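Residue numbers (this note's numbering), protein chains in the order written: chain V, -3 to 209; chain A, -3 to 209.
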DNA sequence: AAGAAAAGTGAATCCGCATTCATTTGGTGA
DNA sequence: TCACCAAATGAATGCGGATTCACTTTTCTT
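Structure, rendered in structure tokens:
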């Protein structure tokens, strides 16, 4: 009779797969893509290099999945904020702040996903990711424009600008130079205000209990 | 007696060096870093692979110089605009527009320099480049803030945001997807208005004879 | 418990390129 | 013109890693 995987086995396999993904993410988060060779991933996951290929057809596909997972998670959070209650401006600000804050928490991972050189396929995925982020912001933008809260503007371009703006501002502190912890909230606020003003077209009051000066 | 290079020879050597740089730039502009192997550069420059190493110690250094040259040129132009007459807002807008317009003209080169994966050293140079661009914008920002034309804000972060904003907005149209020629001026204007509003904190009128709608 | 098939292993391959180097080519000074 | 040295050449080498595969171990079926 044909071989059949027991549920236990099934689970162990799924577990291995997951462990590989986690190991890969961890390596990227720690030392960037450069540190994430297959051999290293295998060691981290407690498997042999050969085994990796039993779960993923190639290194690229593995990392595309790692990136994809992270992005899906991030987008979910942002979507949640965007769909929540409040003015378009407020939701936009909260989304930017939320993203920035998380980027500060996992700097290397963020850096790798935002800016570190990688191979073609992974890079294509990164571009897709940026587009997805952009789309989330585009949603709020459109709502704000429709409601008259924001002035008329090309939402595609403007949302790309938003993504670019906080991305770049974050890579500075995130990448080589680490600004001190103290400045962190200040940077986050500057970024979100920047985006807000850009879109609103007027000095947006810091609003609720945000950190000042 | 000791060997001495004739002026003619001297010139030919300098010429070769220059031709290598041009060849390298051309290849990057055409097919990105991926297409710019030493062998290809050599062929394009009409030399052998070995000869390249007579002029540059390594591939990385060659491309660092290529990038550096391009950046120096760009920064010069931007500096010129920043130092020209006019309100801070106007100079800022013109600088952004100028940069964006040139990026549209040489899309691949811009893409490669802005976003394409490359090796560590080249990438470090790219980061330096972004910082330089940022510094230019920081200058206007500071002036505008000092004069009260712009509201108080962290010029470091804000200038990074500006660079990031137009960079990202350009890589979209520049990279994989090419929006039609028609949208070009529109995109440029959206970008510069975005940056302007972000910094000024108020809807800035399109001013002079800029393209509308 | 034996045989069959899957899963796991890691040393050996393979590959793409940068880099080198033994030769050849061609300026340079006497 | 000769002897010599710099410059140019491009085939051969070296290298970092991904990928493979012959072999071992584990799991499943009867």
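Note that beta-carbon positions come from the ideal geometry of N, C-alpha and C, so glycine has one too. Since the model is a prediction, treat every value here as computed from it, not as a measurement.
_Between residue 194 (chain V) and chain A, is any beta-carbon pair separated by less than 7 angstroms?_
The sequence position of residue 194 (chain V) within the first chain is 198, counting from 1. By this cut-off, residue 194 (chain V) is an interface position.
*Cβ neighbours of residue 74 (chain V) in the same chain (closer than 6 angstroms, five flanking residues each side left out)*: Looking up residue 74 (chain V) in the first chain gives position 78. 91 and 132.
*Where are the alpha helix (DSSP H) runs, 4 residues long or more, that stay fully inside the segment 46 to 114 of chain A, in chain order?*
Annotation note: the segment 46 to 114 of chain A contains the following uninterrupted alpha helix (DSSP H) runs of length 4 or greater, listed N- to C-terminal: 55 to 79, 84 to 101 and 103 to 110.
*Quick one: measure Cβ to Cβ for residue 24 (chain V) and residue 137 (chain V), integer angstroms, because I've assumed they're closer than 8 angstroms.*
Numbered from its first residue, the first chain carries residue 24 (chain V) at position 28. Numbered from its first residue, the first chain carries residue 137 (chain V) at position 141. Contact doesn't hold; Cβ gap of about 31 angstroms is too wide.
*Where do the N-terminal and C-terminal ends of the alpha helix (DSSP H) with residue 22 (chain V) fall, by residue?*
Here the question's residue 22 (chain V) lines up with position 26 in the first chain. It spans 3 to 27 - the alpha helix (DSSP H) in which residue 22 (chain V) sits, taken as one unbroken run.
*If you drop the 5 nearest sequence neighbours on each side, which residues of the same chain put their C-beta closer than 6 angstroms to that of residue 29 (chain A)?*
Counting from one through the second chain, the residue named residue 29 (chain A) turns up at place 33. Only 108, 112 and 114 meet the Cβ criterion.
*Have a look at A:47, A:46 and A:121 and flag the residue whose alpha-carbon is nearest the alpha-carbon of residue 57 (chain A).*
Counting from one through the second chain, the residue named residue 57 (chain A) turns up at place 61. Taking only the C-alpha atoms, the option nearest residue 57 (chain A) is A:121.
_Cutoff 7 angstroms: residue 40 (chain V) Cβ touching any chain A Cβ_ = Along the first chain, one-based indexing puts residue 40 (chain V) at 44. Residue 40 (chain V) does not count as touching chain A.
*asked:* Can you tell me whether residue 192 (chain V) is helix, strand or coil according to DSSP?
replied: Working through the first chain from its first residue, we reach residue 192 (chain V) at position 196. In this structure, residue 192 (chain V) counts as helix in the three-state DSSP scheme.
*asked:* I'd like the list of long-range same chain contacts for residue 84 (chain A), defined as Cβ closer than 6 angstroms, with 5 residues on each side in sequence excluded.
replied: Locating residue 84 (chain A) in the second chain gives position 88, where the first residue counts as 1. The residues are 136, 139, 140 and 145.
*residue 153 (chain A) and residue 129 (chain A): beta carbons closer than 7 angstroms?*
Counted from its first residue, the second chain places residue 153 (chain A) at position 157. Counted from its first residue, the second chain places residue 129 (chain A) at position 133. No, these two residues do not count as a Cβ contact at 7 angstroms.
*Taking residue 182 (chain A) as the query, report the chain V residues whose CB atoms sit under 9 angstroms from its CB, ordered along the chain.*
Numbered from its first residue, the second chain carries residue 182 (chain A) at position 186. For a Cβ distance threshold of 9 angstroms, residue set 150 and 153 of chain V lies close to residue 182 (chain A), ordered along the chain.
*asked:* Distance check for residue 22 (chain A) and residue 34 (chain A), CA to CA, integer angstroms please.
replied: For the purposes of this step, residue 34 (chain A) is taken as the residue at position 38 of the second chain. For the purposes of this step, residue 22 (chain A) is taken as the residue at position 26 of the second chain. Cα to Cα, residue 34 (chain A) sits roughly 13 angstroms from residue 22 (chain A).
*Using the rule of at least 16 other Cβ atoms within 10 Å of the residue's Cβ for burial, across every protein chain shown, is residue 185 (chain V) buried or exposed?*
Sequence index remark: in the first chain, residue 185 (chain V) carries index 189 (1-based). Buried: at least 16 other Cβ atoms inside 10 Å.
*For residue 119 (chain V), go through chain A and note every residue whose CB falls closer than 9 angstroms to its CB, in chain order.*
On the first chain, position 123 is the one that residue 119 (chain V) refers to. Under the 9 angstroms cutoff, chain A gives 111, 112 and 113.
*Where does residue 6 (chain A) land, buried or exposed, given buried means 16+ other C-beta within 10 angstroms?*
The residue labelled residue 6 (chain A) in the question sits at position 10 within the second chain. Residue 6 (chain A) is exposed by the Cβ-count criterion.
*Counting contacts by CB-CB distance shorter than 7 angstroms, is residue 164 (chain A) in contact with chain V?*
The count along the second chain starts at 1 and reaches residue 164 (chain A) at position 168. It does: the Cβ of residue 164 (chain A) has a partner Cβ on chain V nearer than 7 angstroms.
*For the segment 125 to 146 of chain V, enumerate the residues whose C-beta is nearer than 9 angstroms to any C-beta of chain A, in chain order.*
126, 127 and 130
*CA-to-CA distance, residue 69 (chain A) to residue 150 (chain A), given in whole angstroms*: For this step, residue 150 (chain A) is matched to residue 154 along the second chain. For this step, residue 69 (chain A) is matched to residue 73 along the second chain. Rounded to whole angstroms, the separation of the alpha carbons of residue 69 (chain A) and residue 150 (chain A) is 27 angstroms.
*Does the beta-carbon distance from residue 125 (chain A) to residue 166 (chain A) come in below 7 angstroms?*
Position 129 of the second chain, counted from the start, is the residue given in the question as residue 125 (chain A). Position 170 of the second chain, counted from the start, is the residue given in the question as residue 166 (chain A). No, Cβ-Cβ distance for residue 125 (chain A) and residue 166 (chain A) is not below 7 angstroms.
*What does residue 159 (chain V) reach in chain A if we use C-beta pairs closer than 7 angstroms?*
In the first chain, the residue the question calls residue 159 (chain V) occupies position 163. Going along chain A in sequence order, the residues near residue 159 (chain V) (Cβ under 7 angstroms) are 164.
*What is the DSSP secondary structure of residue 146 (chain A), counted as helix, strand or coil?*
Here the question's residue 146 (chain A) lines up with position 150 in the second chain. The answer is coil: DSSP assigns residue 146 (chain A) none of H, G, I, E or B.
*Just checking my contact of residue 164 (chain A) with residue 157 (chain V) at CB under 8 angstroms: how many whole Å lie between their CB atoms?*
Working through the second chain from its first residue, we reach residue 164 (chain A) at position 168. Working through the first chain from its first residue, we reach residue 157 (chain V) at position 161. The beta carbons of residue 164 (chain A) and residue 157 (chain V) sit about 7 angstroms from each other, so the pair counts as a contact at 8 angstroms.
*How many whole angstroms separate the CB atoms of residue 155 (chain A) and residue 89 (chain A), which I take to be in contact at a CB cut-off of 8 angstroms?*
For the purposes of this step, residue 155 (chain A) is taken as the residue at position 159 of the second chain. For the purposes of this step, residue 89 (chain A) is taken as the residue at position 93 of the second chain. Beta-carbon to beta-carbon, residue 155 (chain A) and residue 89 (chain A) are separated by about 15 angstroms, too far to satisfy the 8 angstroms threshold.
_Under 7 angstroms (Cβ pairs) to chain A, residues found in the segment 92 to 109 of chain V_ = Residues: none.
*Please report the residue range of the alpha helix (DSSP H) in which residue 35 (chain V) lies.*
As a working note, residue 35 (chain V) is residue 39 in the first chain. Looking at the DSSP string, the run of the alpha helix (DSSP H) that includes residue 35 (chain V) is 34 to 41.
*asked:* Quick check on this structure: which residue in V:20, V:72, V:95 and V:54 has the alpha carbon closest to the alpha carbon of residue 181 (chain V)?
replied: Working through the first chain from its first residue, we reach residue 181 (chain V) at position 185. Considering only V:20, V:72, V:95 and V:54, the residue with the shortest C-alpha distance to residue 181 (chain V) is V:95.
*Hey, how far is the Cα of residue 193 (chain A) from the Cα of residue 161 (chain V)?*
Taking the second chain and counting its residues from 1, the one referred to as residue 193 (chain A) is at position 197. Taking the first chain and counting its residues from 1, the one referred to as residue 161 (chain V) is at position 165. Between residue 193 (chain A) and residue 161 (chain V), the C-alpha separation is close to 13 angstroms.
*What is the rounded straight-line gap between the Cα of residue 46 (chain A) and the Cα of residue 16 (chain A)?*
As a first step, residue 46 (chain A) must be located in the second chain, where it is residue number 50. As a first step, residue 16 (chain A) must be located in the second chain, where it is residue number 20. Distance between the alpha carbons of residue 46 (chain A) and residue 16 (chain A) is about 12 angstroms.
*Under the three-state DSSP convention, the category residue -2 (chain V) falls into*: If you number the first chain from 1, residue -2 (chain V) lands on position 2. Three-state result, residue -2 (chain V): coil.
*Under a three-way DSSP split, which group does residue 155 (chain V) fall into?*
Counting from one through the first chain, the residue named residue 155 (chain V) turns up at place 159. In this structure, residue 155 (chain V) counts as helix in the three-state DSSP scheme.
_CB contact check: residue 26 (chain V) to chain A, cutoff 7 angstroms_ = As a working note, residue 26 (chain V) is residue 30 in the first chain. Not one chain A Cβ lies under 7 angstroms of residue 26 (chain V).
*asked:* I believe residue 41 (chain V) touches residue 19 (chain V) by the beta-carbon criterion, under 8 angstroms. Please report the beta-carbon distance rounded to the nearest angstrom.
replied: Position 45 of the first chain, counted from the start, is the residue given in the question as residue 41 (chain V). Position 23 of the first chain, counted from the start, is the residue given in the question as residue 19 (chain V). The pair is a contact, with the Cβ atoms about 4 angstroms apart (cut-off 8 angstroms).
*Check whether the Cβ of residue 197 (chain V) lies closer than 7 angstroms to any Cβ atom in chain A.*
The residue given as residue 197 (chain V) occupies position 201 in the first chain. By this cut-off, residue 197 (chain V) is an interface position.
*Quick one: measure Cβ to Cβ for residue 60 (chain V) and residue 118 (chain V), integer angstroms, because I've assumed they're closer than 8 angstroms.*
On the first chain, residue 60 (chain V) is found 64 positions in, with the first residue counted as 1. On the first chain, residue 118 (chain V) is found 122 positions in, with the first residue counted as 1. The pair is a contact, with the Cβ atoms about 6 angstroms apart (cut-off 8 angstroms).
_Within 7 angstroms, strictly: CB atoms of residue 44 (chain A) and residue 38 (chain A)_ = Taking the second chain and counting its residues from 1, the one referred to as residue 44 (chain A) is at position 48. Taking the second chain and counting its residues from 1, the one referred to as residue 38 (chain A) is at position 42. In this structure, residue 38 (chain A) lies closer than 7 angstroms to residue 44 (chain A) by Cβ.
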